[in-house]
Structures are given as structure tokens and as C-alpha cells.
Amino acid sequence: MAEYLAGQTDRFELLVRRHSQELFHFLARFTGSAASADDVIQETFLQVHLAANSFDRSRRFKPWLFTIAANKARDMLRGRARRPEVPLDVHVGSGDDEGQRFVDFLADDADVPLDVLAEAERREVVQRVVDGMPDHLREVLVLGYYHRFPYKDMADVLGIPLGTVKSRLHAAVAHFARAYQAAVNENV
Amino acid sequence: MNEAADHQNELSRQLTDLHLGMLDAAEAELLEARIASSPQLSAASERCRRLLDQLDAYPAPAVPDALADRILARVAETEAVIPFSAAAASGAASVLPSGTGRELSGSPVLSLRELITIAACITLFVGIFVPGYYRARAIARRNMCRQNMQQIYAGLASYQQANAGFLPQAPAVTGGTWLRARTPGVLRASNTRHPYLLLKEGYVNNPRVFLCPGRDDGIPMMMDNYRRADDFAEAANFNYSIQNNNDRRGLLVDKLPSRMVVLGDANPYFSGRAAHRLDPYGPENSNAHDANAGQNVLYITGEIGWVTRPTVGVDGDHIYRAGTLRHYSGTELPQYETDTFLVP
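Those protein sequences? They're chains L and B, same order as listed. The first sequence begins at 10 in our numbering and counts up one residue at a time. The second sequence begins at 2 in our numbering and counts up one residue at a time.
Laid out in C-alpha cells, this is it:
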């Protein structure tokens, strides 16, 4: 990015080719739609191009790119407004139900039929459960699990404190555990 | 009990972090050692791993063909319209609907520039339309006030035709004052007893016409039979000011000059019916409309006008003063035949 800003315009193509695949995967999982991801990724790189001058060279490019992409995707989802809202202060381990359920889930006597579904069925169920998660939980789960972003980078991308990222990721896992368990029970 | 629950929650968080690869090497090593030494923890860890493994069933979506080429083409297309250097210099990025706003403002929705733009638009909107709204409302109230005066004039005209050309005049009260007396035992002889005759005798049927729309303190007088009373029940029932008619001789319309003012918006020197002395620095115009900008006045001919100064009586007479008097106790009358002295 620094080279691009220094005037080497061909470096932009390099950035696009290097990051477009991973970014597309993030956006497709976050938005739940390949078509939406296609639109958003174009908007994202266009924004990168137009706002290149505002890039802080002391920071890394990838979190900045994902920040823009996440904002664009959030805008798109907000416009679509198809998902139910849940309170933002859901935390695992803070004494709420969700945390308790996750602990229960990990307990010895929990009888959770995780591996009973056929592969195709499991794929469909997982996708449905992840797509059905609240945006702010799905976002952090996709970044944390599928893209292995460290907590600090996620905090940068999402623009929220580190502690909030941690509790949100734990809440996302707990949410997934509960929803997945319910979905499996329905299908068994 | 709570400590045990907290401990369990902390363990579940640590296990999640371990399987997500969020722990550093030392933390991971320590936790793995604990897991190895505890069958219960080991089972929980295995369950957590299996749960997270389920997420792998969500396949990575197939990347569309030539995605990078299409992105580059889109950017090139835009570049043809907005050169990069010009776009950067003009801050074109900030007008897009989202993106880097988070770095600038901390808001997930709008950038600082966009917020400032919106605030400027709102300010402009308010600056243009709010004064216009207040101006229109003030004009509307003046017009409604004017309509009230027209109805009062219609009542006055009918009354004087039926009463030998005299304007309404209630019976005199010897020793009475038209202001609220400060001395106990002094009789009240308010000036509003005279226009009350219009209501009492049916020349005006709607008590609301005696209330100026420009003021907020008016209360219409309501009673089953106005004939039972001799005056408005309270000062708030009549908040115009009318020619002081406490002189026993009465006001004969034919003898009054055509520029004689007989009714106007409230006299600014009196609050309700309380006694008052003139304030040399006080307002000259009525306070009924537009912060003392002026007042509606009714001439004896029926003409109604909006005037921005009080010296619109005969020969420039001040309509809110009796001659040159500056102190009022409630017994003062107009100082000469053409002296307009509008009082509550």
C-alpha cells in the first residue's frame, strides 16, 4: 500500500489480487450471499482506491481493508434488514443464560449429538445456523474462526475494545452451540 | 457457588480461546497441561473442539470468475471520472456512504465529514425555514386578531345604532376605579364593563373574539347566561384594550373624529387590571404581537390597521396614555375629547 501511495499505481492490482479471495470469503460468510459479497467487494476496493490518501502508513493494510469491507457489508445488511436484532451486551460468562448454556454444553453429562448428521445435511445446517446469527456475532465469528484474526486485529476492524471483542466472540460460539444443538435436534 | 460458576465460565472461555488459537504459546501450554491432568477438563475440551469443528462444514464460497479483473475494471472506470489525485485532494472518499468513517469518527455509520455535512444541512434548513415559519405564524395571528376586531366593531356599530349613537357604557360607579384599587373599600368600576355589554346584550355572541390570538393568557368567559353578570369574570376574559369610557358623558360616535382609535391590542403599561406607572424605558408598543413590534388598532370608522408605533391617534395622540399623565391610580380619564386612552 505504501508503494501504491508513493506512486506505483500497478501495486493496486497486486493488492486486489492478493486480498480479493480471502475478502470475498469473509464477505460471503458475513452477508450470507455470494452475490452480495460480489457487490460489496467491488465497493470496498473502490473505496480503498478513493480513500487511499487517508490510509495510515504505520498500520497494516489488511485490517484496514477488512474494516472498510465490514462497514460496507454492515451498510448492505442494514439496508436489507432481514435479520432479527438481539441486544449487543450478550456476553459469555457474565452470568447470562447464554454463557451458562455454553458451560452446560461443555459439561461431561451433556448429550449433544454433534456427529449424527450426514455431511451434506451438516453443511446445510451449519450454514443455516451461521447465516441466522445476529450480524454482530456472525461478523466476529467469521473473522475469529474462519480467518483466524487475532483479537487485536478484530478490535481494529470492528472498532470496539479488545474486551468487547473477546466477550462477543465467546457469545458467538455460545450462540452457535445453542442454535446448532437445536437445529440438530430438529433434524434427528 | 458463584465462585464455582465463575470458574466454570472462565474455563469455558479459555477452552474456546485454545481451540480458536487465541492463546499465546505459554498460556496454551499451561492449559493443555491442566487438560491432560483432568479427565473432566479433557472431556470438555474435546467437546469444545468437536463443536468448533462443525463450523468447518460451512464451505468457503467459490470465488466468482475473474473477480479481481472485474474489481480492477470497476476502479479504472471510476478513475476515468475522478482521477485519483483529484479525488484524494478533494476528499471525495468521504462522500461515499460508508467505509473509513470509523477511523475518523469512531462511528460505525457515518464519518465525521458526513456528520458535519448533515449538521450543516440541518442548520441551513432550520435557518431558512424556521424563521419563515415563525413569521408566517405571526402574520396569521395578526390576521386573526384583525378578524376579532372586525366582529367587535360589528357589535359596536349595532349597539350604537340601537342606543342613540353612543358606544357601550355601563352605569357609573361613584368613587370607583378602573384599575384594581390598592386601598380597601374602594369600589371597582372596570373599563371592561363597557364592552361586556356587547356580550350581555347579544351584539357579540362569541366570547372568544375578545381574546387576542397573539397572546397566550386569554381565557374565554363561559357561562350559561351572560345577562346574569355585569362584567367579564376576570381580566383574562378580555385582553384587548378599549377606549376609557368612564366619563359619565359617554362617547357619541357622531362627535368623534374619524381618526379616533377606540380599540387596540393590550396596553403595554398595564398588567391585567393592576395599577402601574409608566416606565421611561419600557416598550411603547403592545406586547401582544411579535415582541412589541406593533399593534392592531380599530378606528371609529371601522377601519382596522397594523401600526408600528402608538402615536396614531388624532393629531399623533399616544393611544396608550391619558394626555401627558405618567402615574395612574385608576381614576384617570381621557384628558380631552379626542384623547384616545386605551385601557384594559
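The beta carbon of each residue, even a glycine, is placed where N, CA and C say it ideally should be.
Residues that residue 172/L contacts on chain B, provided the C-beta gap is smaller than 8 Å:
By Cβ distance, chain B contributes nothing, its closest Cβ being about 12 Å from residue 172/L, past 8 Å.
Can you give me the C-alpha to C-alpha distance between residue 64/L and residue 10/L, rounded to a whole angstrom? 9 Å
- Contact check, residue 145/L vs residue 177/L under 8 Å by CB: the rounded distance? 7 Å
**Q.** chain B within 8 Å of residue 17/L, Cβ atoms only
**A.** no
**Request:** Measuring alpha carbon to alpha carbon, tell me which of 311/B, 345/B and 252/B ends up nearest residue 194/B.
**Result:** 345/B
Margin query: Count Cβ pairs between the region 157-167 of chain B and the region 315-331 of chain B that sit closer than 8 Å; are there 3 or more?
Written below: no
Q.
Between the alpha carbons of residue 78/B and residue 28/L, how many angstroms are there, rounded?
A. 20 Å
Just the chain L side, please: which residues come within less than 7 Å of residue 58/B by C-beta, in chain order? 131, 132 and 135
**Item:** Helix, strand or coil at residue 309/B [DSSP, three-state]
**Value:** coil
**Request:** Within 10 angstroms of the Cβ of residue 115/B, are there 16 or more other Cβ atoms? Answer buried if so, exposed if not.
**Result:** buried
C-alpha distance - residue 32/L paired with residue 148/L, whole-angstrom precision: 13 Å
Note down, in chain order, every chain B residue with its Cβ under 8 Å from the Cβ of residue 159/L.
-> 23
* Which partner residues of residue 242/B appear in the DSSP bridge assignment? -> 265/B
*So which of 295/B, 302/B and 321/B has the shortest CA-CA distance to residue 310/B?*
295/B
| query | With respect to the alpha helix (DSSP H) encompassing residue 144/B, which residues constitute its N-terminal and C-terminal limits? | reply | 113-163
**Prompt:** For residue 270/B, does the three-state DSSP call read helix, strand or coil?
**Reply:** coil
**Message:** Let's test the definition: count the other Cβ atoms within 10 Å of the Cβ of residue 8/B and tell me whether it reaches 16, buried, or not, exposed.
**Reply:** exposed
**Prompt:** Does DSSP classify residue 56/L as helix, strand or coil?
**Reply:** helix
Query raised in the report: Span of the alpha helix (DSSP H) holding residue 254/B?
Result: Neither: residue 254/B is in no alpha helix (DSSP H) and is coded neither H nor E.
| Straight-line CA distance for residue 224/B to residue 247/B? | 26 Å
- Just tell me which of 6/B, 218/B and 338/B has its CA closest to the CA of residue 288/B. 218/B
**Prompt:** Would the beta-carbon of residue 160/B fall within 8 Å of that of residue 204/B?
**Reply:** yes
Pairs of beta-carbons, one from the region 73-88 of chain L and one from the region 54-62 of chain L, closer than 8 Å: are there three or more?
yes
inquiry  = Let's test the definition: count the other Cβ atoms within 10 Å of the Cβ of residue 184/B and tell me whether it reaches 16, buried, or not, exposed.
reply    = exposed
Reduced DSSP secondary structure (H/G/I, E/B, other) of residue 1/B: The structure shown does not extend to residue 1/B, since chain B is modelled only from 2 to 345, so the question has no answer here.
(request) Name, please, each residue of chain L whose Cβ falls closer than 7 Å to the Cβ of residue 17/B. (result) 179 and 182
Handout entry: the region 131-145 of chain L contacting the region 40-60 of chain B, beta-carbon criterion three pairs below 8 Å
Key = yes
Drop a sphere of 10 angstroms on the beta-carbon of residue 71/L, count the other beta-carbons inside from all chains shown, and report buried for 16 or more, exposed for fewer.
buried
### Message
If I measure Cβ to Cβ from residue 13/L and keep anything under 6 Å in the same chain, skipping five residues before and after, which residues do I get?
### Response
20 and 21
Practice task
Return helix, strand or coil for residue 189/B, following the three-state DSSP convention.
Solution key: strand
Residues of chain D with CB under 7 Å from residue 67/L, in chain order? The structure shown contains no chain D; its protein chains are L and B.
**Request:** Tell me, please, whether the region 228-238 of chain B touches the region 250-266 of chain B by the rule of three or more beta-carbon pairs shorter than 8 Å.
**Result:** no
So, at 7 Å on beta carbons, what are the nonlocal neighbours of residue 313/B in its own chain, with the 5 sequence-adjacent residues on each side left out? 262, 298 and 320
Could you tell me the distance, in whole angstroms, from the CA atom of residue 186/B to the CA atom of residue 303/B? 39 Å
Tell me, please, whether the CB atom of residue 52/B is closer than 8 Å to any CB atom in chain L?
yes
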